Every structure is written in structure tokens, then in C-alpha cells.
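Read through the structure below, which is laid out as C-alpha cells, and then see the notes.
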Amino acid sequence: MLFKAPNDIEELVTALKDADANTYLISGGTDLIIKLRKNRIYSGTIIDMKGIRSLEYIREESEHIKLGANTTFTQIINSPVLQQHAACLAQAAGQIGSTQIRNVATVGGNIGNAFAGADCIPALMAMDAQVKVICSKGETYVKNVADIILGSGKNSLRKDEAIIEIQFPIQGAGGRTAFGKIGSRSRVTIAKINIAAFVRLDGSKKRIEEARIFLGALGPRAFRSEIVEEAMVGRTISPELFNSFAAALTAQVDAAIAGRSSQEYKREAIRGLADEVFCKLFGDLSQEVKQDER
35 MLFKAPNDIE ELVTALKDAD ANTYLISGGT DLIIKLRKNR IYSGTIIDMK GIRSLEYIRE
95 ESEHIKLGAN TTFTQIINSP VLQQHAACLA QAAGQIGSTQ IRNVATVGGN IGNAFAGADC
155 IPALMAMDAQ VKVICSKGET YVKNVADIIL GSGKNSLRKD EAIIEIQFPI QGAGGRTAFG
215 KIGSRSRVTI AKINIAAFVR LDGSKKRIEE ARIFLGALGP RAFRSEIVEE AMVGRTISPE
275 LFNSFAAALT AQVDAAIAGR SSQEYKREAI RGLADEVFCK LFGDLSQEVK QDER
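Put into C-alpha cells, the structure is as follows:
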């Protein structure tokens with residue numbers, strides 16, 4: 035196994051020039067050993083991007099939030115900028131693996147790995163995120179996160195392409211986000227279902243003008259739920275809205291995994307997850323919602 039460790043973008047571009055079907059990019063590498071063992075990979079080239087420190091940042095720029103591909107989940111959790119403008123991403127990062135994993139694993143690596151139950155991917159999709167990609171010619175271009183993820187463990191990147199940055203627009207006044215997850219354990223668990231939500235309220239903070247709802251672990255890739263969005267847009271925050279939100283999520287589970295053995299469990303579990311996400315979105319505006327439902 036040949037190992038390359040570029041220290042800057044120029045060295046990365048040089049390393050990408052020789053990339054082929056047996057080249058593997060890592061930026062943290064927390065899933066690498068699992069992948070090598072599972073697929074019985076004993077030769078090839080590993081390009082480790084972790085040494086490129088210039089790709090480790092979180093900043094506001096031109097009405098966008100930008101994250102370097104090497105930004106760790108611990109840095110995301112602790113970022114005041116993300117806590118303010120992308121709470122769903124900070125919340126998702128906080129539920130990924132263990133403390134040790136979060137200290138090493140990166141947002142760029144999480145996207146490239148394209149795991150069906152990845153927590154940050156639906157959160158980034160809800161934020162309307164894009165990624166900047168660089169190729170072996172040194173050219174850069176932007177793609178939507180949703181276009182990068184093809185299926186479980188599959189992405190649309192060529193072997194000579196690498197993610198170097200993630201960006202999404204600052205949502206501004208009225209924008210709210212939340213993330214929720216259910217797994218087999220309370221900690222260090224892989225999602226059985228996860229939800230990332232973005233809503234925009236009107237000036238009165240009572241009516242939903244826009245919604246983007248993404249669900250993960252219900253198929254080979256995270257997807258947008260028009261069923262849930264239609265149940266929310268134009269509605270005012272109330273106990274009735276929560277009932278519609280939970281019912282729509284249940285309907286989405288039925289539509290996504292009809293006939294599967296996990297359907298009955300997930301259609302019930304998602305109602306509890308609906309309560310968590312709804313309260314994260316609107317708890318400060320409507321405390322009576324949760325009390326009424328109990």
C-alpha cells in the first residue's frame with residue numbers, strides 16, 4: 035500500500051494526478067480500516083489530506099458559512115458561528131461516534147464516505163449546502179451535496195477529485211434548524227432514523243413560510259420529504275401542527291420502506307423523534323405544545 039500525505043493544496047493536486055481505481059482519499063480516516071477489511075483491499079494508494087491545515091476552518095464570508103474539508107466534528111460542535119446559523123449541523127456533529135472519533139473525523143470525509151446513515155449529510159442538505167471540489171488539473175468547481183451522494187458508500191466524485199470546502203448560505207431572520215436521531219443505543223450509535231429540518235417563519239414568528247426536511251437511514255441516501263414539508267408550510271405553530279408533523283413523518287416512513295421488516299418499528303419510533311425535532315425548532319415559542327401532547 036502506497037501512502038501519500040500532502041501538506042498543501044499544490045501537493046494534493048500533484049498526488050491526484052496519479053489517482054486511479056485503487057486510490058483512496060481520507061481526511062480523518064475513521065472508516066478506512068473498516069472499508070479495507072470489508073472489501074479485502076490489500077494494495078493501492080492512500081492519499082491522506084489531514085496534513086493540509088489550510089483546509090481546517092469555519093468562517094462567515096459573503097453571506098455564506100464556509101467550512102474547510104478538514105474541519106472536525108468537535109470543531110463544528112464548539113463553533114459559535116454554527117450554533118447560531120446552523121444549529122442542525124452542530125447538533126448532528128454532537129451525535130456522531132465517540133469523543134475520540136469526533137476529534138479526528140472530518141466533515142469532508144463524512145460526505146465522501148457517503149454512508150446511508152451519516153448524520154451530517156441530511157443536516158448539510160437541509161442547509162442547502164454545496165461542496166467545492168478540486169481535480170488533478172488544479173481546477174475547482176462547486177457541486178450540491180445532494181449531487182455528491184449517489185447511494186450507500188457511493189459518491190459521484192472521480193478518482194482524481196477531492197472535496198476541499200463546504201459552504202451554505204446564511205439563512206437570516208426567521209430561519210431555524212434542528213436535528214434528531216434514533217439509534218440502537220443512546221451513545222456511539224449508528225442512526226436507524228435521522229431528521230434534519232430547516233424552517234423559515236414569517237415576521238410574526240407564528241407562521242411557517244418555508245420548510246426543508248431531510249431524512250436519513252430510510253434508504254441508500256438521505257432524501258427530501260415533500261410529504262412532511264407540505265404538512266408544515268403555511269401553518270401556524272400549534273399542537274395541531276405537531277400532530278400533522280408527526281403524522282406526515284409516519285406517512286413518509288410507510289412510503290419509503292413499505293413492506294420491510296423495520297417498517298412497524300420505524301413508523302412508531304419516528305413519532306418520538308418528531309417530538310424532539312419539533313421542540314428544538316419551536317420550543318421557545320410554544321412550550322404548551324409539548325405539555326398538551328403529554
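Okay, so the sequence shown: first residue is 35 according to my numbering, each after it adds one. Ideal Cβ placement from N, Cα and C applies to all residues, glycine included. Being a predicted model, the structure only gives us computed values, none of them experimental.
- Ranked by how close their Cα comes to the Cα of Leu307, the residues Ser88, Ala231, Ser272 and Thr79 have Ala231 in first place.
- Counted as a single uninterrupted DSSP element, the alpha helix (DSSP H) harbouring Lys314 occupies residues Gln297 to Phe316.
- Val47 and Thr105 do not touch by the CB rule: their CB atoms are close to 20 Å apart, not below 8 Å.
- About 7 Å separates the beta carbon of Ile200 from that of Ala103, a gap short enough to meet the 8 Å contact definition.
- Rounded to the nearest angstrom, the gap between the Cα atoms of Gly131 and Ala285 is 29 Å.
- By the criterion of at least three beta-carbon pairs nearer than 8 Å, the region 74 to 94 is not in contact with the region 156 to 163.
- Nearest to Tyr91 by C-alpha distance, out of Ile111, Ser77, Ala280 and Gly78, is Ile111.
- Pairwise C-beta distances place the region 173 to 187 in contact with the region 248 to 262, as three or more of them are shorter than 8 Å.
- Per DSSP, Pro203 is one residue of the beta strand (DSSP E) stretching across Glu195 to Pro203.
- Scanning the region 201 to 271 from its first residue to its last, the whole alpha helix (DSSP H) runs of 4-plus residues come out as 260 to 266.
- Note that the C-beta distance between Met35 and Ser61 is not below 9 Å.
- Here Ile168 carries a strand assignment [DSSP, helix/strand/coil].
- For Asp82, the beta-bridge partners assigned by DSSP are Ile60.
- When Lys314, Ala196, Phe149 and Gln109 are compared, the shortest CA-CA separation from Ile271 is found for Lys314.
- Rounded to whole angstroms, Gly206 and Leu70 show a C-alpha spacing of 43 Å.
- Arg93: member of the beta strand (DSSP E) spanning Ile92 to Glu95, first to last residue.
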